[in-house]
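Okay, so here's the structure we're looking at.
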Amino acid sequence: EIQSCSSSSSSASCSSSASAQMSFVQNINLPAHLDLSRLSCCLMDDGQLRIHAPVNKQPINQEHTVPTRYRTSLEFPITKDDEELKD
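According to this note's numbering, the sequence shown is numbered sequentially starting from 60.
Here it is, written out as structure tokens:
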């Protein structure tokens, strides 16, 4: 097999007279809040693999309990200001 390689500051290239198969594997743990059924990827012109995974939307029927507080009495008396008394 004859192989020749050239490289510059911005790119590198290799050619070979025999066919060779190269592979690269990287495992990535994706967060649980992503919608993996709508995951897509594409290989960019610069060789980068771009992965797009939209955020999973919560179902509309999911209810959340919000605590509420009611005040039935005032802790201080209501008094009129001096300006209101002059009217």
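Every residue gets a Cβ at the ideal spot worked out from N, C-alpha and C, and that includes glycine.
Treat the numbers as computed from the prediction; the structure is a model and nothing was measured.
- The C-alpha of Ser99 is placed about 15 Å away from the C-alpha of Pro90.
- Rounded to whole angstroms, the gap between the alpha carbons of Glu122 and Lys116 is 14 Å.
- In the DSSP annotation of this structure, the continuous segment of the beta strand (DSSP E) that includes Ile110 starts and ends at Leu108 to His111.
- Cα atoms of Asp105 and Val84: separation of roughly 18 Å, rounded to the nearest angstrom.
- DSSP, reduced to helix, strand and coil, places Leu95 within a helical segment of the structure shown.
- When secondary structure is reduced to three states using DSSP, Val84 falls in the coil class, being assigned neither helix nor strand.
- A distance of 8 Å or more separates the beta carbons of Val114 and Leu95.
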